[in-house]
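Visitor:
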Amino acid sequence: MSNADAATVPADAATVPGDASRFGVFLPSYIWAGDGASRVTGLLDFAREVERLGFDSIFITDHVIAAKHFYDVSWLDSLTTLTFVAAVTERVRLGTSILILPLRHPVILAKQIATLEYLSRDRYIIGGGVGWFEPEFEAVGTHKRERGRRSDEVLDILMALLSSENVTYHGEFYKVDDVTIDPRPATLPPVWIGGGSQLASDKSPEPPRFAESVMARVARSDGWIPRPTSPPDQIASDWQALSAYLRDHGRDPRDIAVVHENFLHYVPSGNREAVLREQHAAYARVMSEARGDDYLESVYLFGTPDEIVAKLQARVDAGVQYFVLHTMTPDPAQLELWLRDVIPNVRFPALEGAAAAAHQL
């Protein structure tokens, strides 16, 4: 298979309709001023509904401090909240996208993840990355310029502690000697690495490029999470470049899950003007005004039902195998609409062999 073949779905490839097994849902862990006890019970109800409807996973956003430059909300702690909803679910997988690795001490993080794995019966997916919000790094005593190197050390130590006894590691930032974490998971949780290029804009928090250091991180993991602000053509281009990098470094791209997160407020109407008006009102409750309506429409899932399906399909055709979608409201009624009107109308390549195994991570 050529690099170009790896980047897109061939026109004559066998396809199957989408179902809930190819989709995860973000927990609405954003909190507005004045939220009270009903939001706490609502999170549990939302998680139960995700599982009842058959979705494959519950994911969560990670921010340590209020990132009010791009969001008008604050976020609950990711691992604590996943542990909370693990108690009322049994099957659904639990993930972070993305867990900001350089903000955590690897020994503390290993203990938190080992505990979540134990309490959830091994359902956690480590969706990790380097982060982008500079004040978060300074708030915990690190620097944004160190984030890549710190992330690599955190991953080294984390995976060693989750799989071995008496771990010793001496790196640039972290040193541990003869450390053991118990109880350790029976098998290592899958690791999906976030990163890549995104829409070029002066309103973007990162430059529009796919750093080789991120490709190297993906090459030692189980999956890749393109940025939600990466349009389909960029996802396809990034996947082509990543596929070539993986082959050059002894990895089969078919063994890497390609997982895309995005935001969707679904409005079941063909009146485009009314749909966009309602969608922007929903986004405005979560997003700040910093990036503007045009930018939001260019990267997120805005539009009529047919447009939403087409935008998801374009991402599948670019190489995406699995979606995790944010609701813009804590009301789980959105989920039933997705299952009724959107998900079955997206066609996915029929998976075989190693690709099927990657899908079943």
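Take the sequence shown: its position 320, counting from 1, is numbered 322 in my numbering, and each next residue is one higher. Each residue gets a CB set at the ideal place from its N, CA and C atoms; glycine is no exception. On a predicted model such as this, the values are computed, not experimentally measured, just so you know.
From which residue to which residue does the beta strand (DSSP E) around His-282 run?
Guide: Here residue 282 refers to the residue found at position 280 when the sequence shown is read from its first residue. Per DSSP, His-282 is not a residue of any beta strand (DSSP E); the alpha helix (DSSP H) it occupies stretches across 274-286.
Visitor: Near Ala-22, which residues of its chain fall below 8 angstroms by C-beta distance, leaving aside the five closest residues on each side in sequence?
Guide: Locating residue 22 in the sequence shown gives position 20, counting from the first residue. For Ala-22, where only same-chain residues beyond five positions count, the Cβ hits under 8 angstroms are Leu-55, Gly-56, Phe-57, Asp-58, Leu-341, Ile-345.
Visitor: When DSSP labels each residue in this structure, what does Leu-201 get in the three-state scheme?
Guide: Position 199 of the sequence shown, counted from the start, is the residue given in the question as residue 201. Three-state result, Leu-201: coil.
Visitor: To test your reading of the DSSP string, which unbroken beta strand (DSSP E) runs of 3 or more residues are found completely within the stretch 187-266?
Guide: 193-196, 225-227, 259-265
Visitor: Please classify Pro-223: is it buried, with 16 or more other beta-carbons within 10 angstroms of its beta-carbon, or exposed?
Guide: Within the sequence shown, the letter at position 221 stands for residue 223. According to the sequence shown, residue 223 is Ser rather than Pro. Answer is buried; the Cβ neighbour count reaches 16.
Visitor: How long is the line joining the alpha carbons of Glu-275 and Asp-296, rounded to whole angstroms?
Guide: By 1-based counting over the sequence shown, the position of residue 275 is 273. By 1-based counting over the sequence shown, the position of residue 296 is 294. Approximately 14 angstroms between the Cα atoms of the pair.
Visitor: Do you know offhand how far Gln-281's Cα is from Tyr-171's?
Guide: If you number the sequence shown from 1, residue 281 lands on position 279. If you number the sequence shown from 1, residue 171 lands on position 169. The straight-line gap from Cα to Cα measures roughly 49 angstroms.
Visitor: Hey, Ser-290 and Asp-74 are a contact pair by Cβ (cut 8 angstroms); roughly how many whole angstroms apart?
Guide: Position 288 of the sequence shown, counting from 1, holds the residue named residue 290. Position 72 of the sequence shown, counting from 1, holds the residue named residue 74. The pair is a contact, with the Cβ atoms about 5 angstroms apart (cut-off 8 angstroms).
Visitor: Taking 8 angstroms as the threshold, find out whether the stretch 173-191 comes into contact with the stretch 246-266 through three or more Cβ pairs.
Guide: no
Visitor: Could you spell out where the beta strand (DSSP E) holding Lys-70 opens and where it closes?
Guide: The residue labelled residue 70 in the question sits at position 68 within the sequence shown. Where Lys-70 is concerned, there is no enclosing beta strand (DSSP E), given that its DSSP letter is neither H nor E.
Visitor: I'd like the list of long-range same chain contacts for Ser-153, defined as Cβ closer than 8 angstroms, with 5 residues on each side in sequence excluded.
Guide: In the sequence shown, counting from the first residue as 1, residue 153 sits at position 151. These residues qualify, in order along the chain: Leu-103, Pro-104, Gly-130, Gly-131, Val-132, Arg-219.
Visitor: Counting only the same chain and skipping the five closest in sequence on each side, list residues whose C-beta sits under 7 angstroms from that of Thr-17.
Guide: Position 15 of the sequence shown, counting from 1, holds the residue named residue 17. So the list reads Arg-349, Phe-350, Pro-351, Ala-352, once near-sequence residues are dropped.
Visitor: Please state the DSSP three-state secondary structure of Ala-357.
Guide: For the purposes of this step, residue 357 is identified with residue 355 of the sequence shown, where counting begins at 1. Because Ala-357 carries a pLDDT of 46, less than 50, the predicted location of this residue cannot be relied on, and the following value inherits that uncertainty. If DSSP states are grouped into helix, strand and coil, Ala-357 belongs with the helices.
Visitor: Report the residue from Leu-121, Trp-134, Met-161, Ala-49 whose alpha carbon sits nearest the alpha carbon of Ala-112.
Guide: In the sequence shown, the residue the question calls residue 112 occupies position 110. Of the listed residues, the one whose Cα sits closest to Ala-112 is Met-161.
Visitor: Kindly give me the distance between the Cβ atoms of Gly-99 and Glu-208, rounded to whole angstroms, as I take these residues to be in contact under 8 angstroms.
Guide: Your numbering for residue 99 matches position 97 in the sequence shown. Your numbering for residue 208 matches position 206 in the sequence shown. The question names Gly, but residue 99 in the sequence shown is Ser. In fact, because the Cβ distance is near 16 angstroms, the residues do not count as touching under 8 angstroms.
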